[in-house]
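Participant: Below is a structure I'd like to ask you about.
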Amino acid sequence: KNLLLAILTECGVALEKVTLAEAKREVEIKAQRESLRANLLRAVSHDLRTPLTCITGNAALILDRGSELEEEKKIELCRGIYDDSLWLAGLVENLLSVTRIENGTMNIKMEPELVEDVFAEAVKRMSRCKSHKITVLPSDEIIMAEMDARLIVQVVINLIDNAVKYTPTGGSVHVSVAQWEMYVEIKVSDTGKGISESNQASIFKRFYREEEIHNQPGVGIGLYLTREIVTQQGGYVTVESQVGKGSAFSIFLPR
Ligand code: ADP
38 KNLLLAILTE CGVALEKVTL AEAKREVEIK AQRESLRANL LRAVSHDLRT
88 PLTCITGNAA LILDRGSELE EEKKIELCRG IYDDSLWLAG LVENLLSVTR
138 IENGTMNIKM EPELVEDVFA EAVKRMSRCK SHKITVLPSD EIIMAEMDAR
188 LIVQVVINLI DNAVKYTPTG GSVHVSVAQW EMYVEIKVSD TGKGISESNQ
238 ASIFKRFYRE EEIHNQPGVG IGLYLTREIV TQQGGYVTVE SQVGKGSAFS
288 IFLPR
């Protein structure tokens, strides 16, 4: 009887421990969600202000003094509105994706796609960029890969956007595609500031931004998303970079 009681007591203690561990895990998950929400809110409210000021300011100017303004000035103001709206749309798209990843509701629809079409779509959306020369190096072959095209377009836009953001005006950005035995590679390279070797692993972490570039808009989720989206589609991401010379980001997707 004593032995049985001892075993039962041990079982009771073990059960209690399991219940406690589960409760602790739930509290941890809640805390993580809360901190994600707080981080997103902070980042978003900071980042939304500048483009919104430009959009409302430019629109007000056109509305109030449109008849006095020269055509060229009007086009410039409209371009500002267009660019900032596009930027905001990209930010919202990224934030939605982060939330979907966290909730496990990222709905991935894999289909065979022409890789060139996918990155042409991304480049088209960046084609208004006048400060940098964006060159697309097409491939001679027809290259296909399995992917969720909508999400890969979002990834390539993020990479081109970064290449432009972290490369001084006048620099160049190259987008190319290549085919390997198992994978298809989409590569975005730039002639920008580069990333030190010690930081190359950290830049893929959620909300990570390099200290010295805080004057650039950004939330620190672009590369985190890139890696999540690509790995969820059976691929991987690489970075090669040299400080002061430039960076090259490649996404590899299964052929
Ligand atoms: P964000 O651009 O919003 O800061 P990302 O996740 O896209 O967030 O990038 C994380 C960090 O990686 C950036 O803050 C920047 O320091 C660095 N980085 C990303 N792309 C490049 C690039 N092409 N050249 C140099 N640094 C880059």
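The sequence shown finishes on residue 292 if you use the numbering used here, and the numbering steps up by one all the way, no holes.
Built from N, CA and C at the ideal position, the CB exists for glycine as well.
1) Between the Cα of Gly127 and the Cα atoms of Gly272, Pro254, Lys61, which residue gives the shortest distance?
2) Grab the span of the beta strand (DSSP E) containing Asp227 for me, first residue to last.
3) Looking at ligand 1, does it come within less than 7 Å of Val135, judged from the CB to the closest heavy atom?
4) Do you know whose CA, among Arg102, Val280, Leu174, lies nearest Gly160's CA?
5) From the DSSP output, which residues share a beta bridge with Val274?
6) Throw me the rounded Cβ distance for the Ala96 and Ile118 pair, which I believe falls under 8 Å.
7) In angstroms, rounded to a whole number, what distance separates the CA positions of Lys282 and Leu196?
8) Helix or strand or just coil, what does DSSP make of Thr172?
9) Figure out for me which residue from Ile145, Phe286, Lys230 has the closest Cα to the Cα of Ile194.
10) Determine contact between the stretch 225–235 and the stretch 198–215, defined as no fewer than three beta-carbon pairs at a distance below 8 Å.
11) Taking the beta strand (DSSP E) that Pro149 falls in, what are its first and last residues?
12) Considering only the beta carbon of each residue, do Val152 and Ile180 sit closer than 8 Å?
13) In the DSSP output, which residue or residues are listed as bridge partners for Glu183?
14) In chain order, what residues of the same chain lie with their CB nearer than 6 Å to the CB of Ile138, ignoring the 5 residues before and after it?
15) Buried or exposed, going by whether 16 or more other CB atoms sit within 10 Å of the CB of Asp101?
16) Inspect the CB distances between the stretch 232–243 and the stretch 101–114 and report whether three or more fall short of 8 Å.
17) When the Cα atoms are used, what is the spatial distance from Gln69 to Gln269?
18) Please find out if some non-hydrogen atom of ligand 1 comes closer than 7 Å to the beta-carbon of Tyr273.
19) Which value, in whole angstroms, describes the spacing of the CA atoms of Glu277 and Ser284?
20) When the Cα atoms are used, what is the spatial distance from Val221 to Arg243?
21) Out of Ser134, Ser104, Asp84, which one is the CA nearest neighbour of Asn252?
Facilitator: For this structure:
1) Looking at the Cα atoms, Pro254 is the closest of the given residues.
2) First-last of the beta strand (DSSP E) with Asp227: 220–227.
3) Flag unset: Cβ of Val135 not near ligand 1.
4) At residue 160 the sequence reads Val, which differs from the Gly that was named. That would be Leu174, whose Cα lies nearest to the Cα of Val160.
5) Answer by DSSP bridge pairing, in chain order: Ile288.
6) At roughly 6 Å, the Cβ-Cβ gap stays under 8 Å, so Ala96 and Ile118 are in contact.
7) Whole-angstrom Cα-Cα distance: 17 Å.
8) Of the three classes helix, strand and coil, the one that applies to Thr172 here is strand, per DSSP.
9) Closest option to Ile194, Cα to Cα, is Phe286.
10) Short answer: they touch.
11) First-last of the beta strand (DSSP E) with Pro149: 148–151.
12) Contact flag set, yes.
13) DSSP lists Pro149 as the bridge partner or partners of Glu183.
14) Within the same chain, Ile138 has close Cβ partners Glu265.
15) Classification of Asp101: exposed, given that the 10 Å Cβ count is below 16.
16) Note that the stretch 232–243 does not touch the stretch 101–114; fewer than 3 beta-carbon pairs, one per stretch, sit closer than 8 Å.
17) Distance between the alpha carbons of Gln69 and Gln269 is about 21 Å.
18) It does not: the Cβ of Tyr273 is nowhere closer than 7 Å to a heavy atom of ligand 1.
19) If you take the alpha carbons of Glu277 and Ser284, they lie about 6 Å apart.
20) When rounded, the distance between both Cα atoms is 26 Å.
21) Nearest of Ser134, Ser104, Asp84 to Asn252, Cα basis: Asp84.
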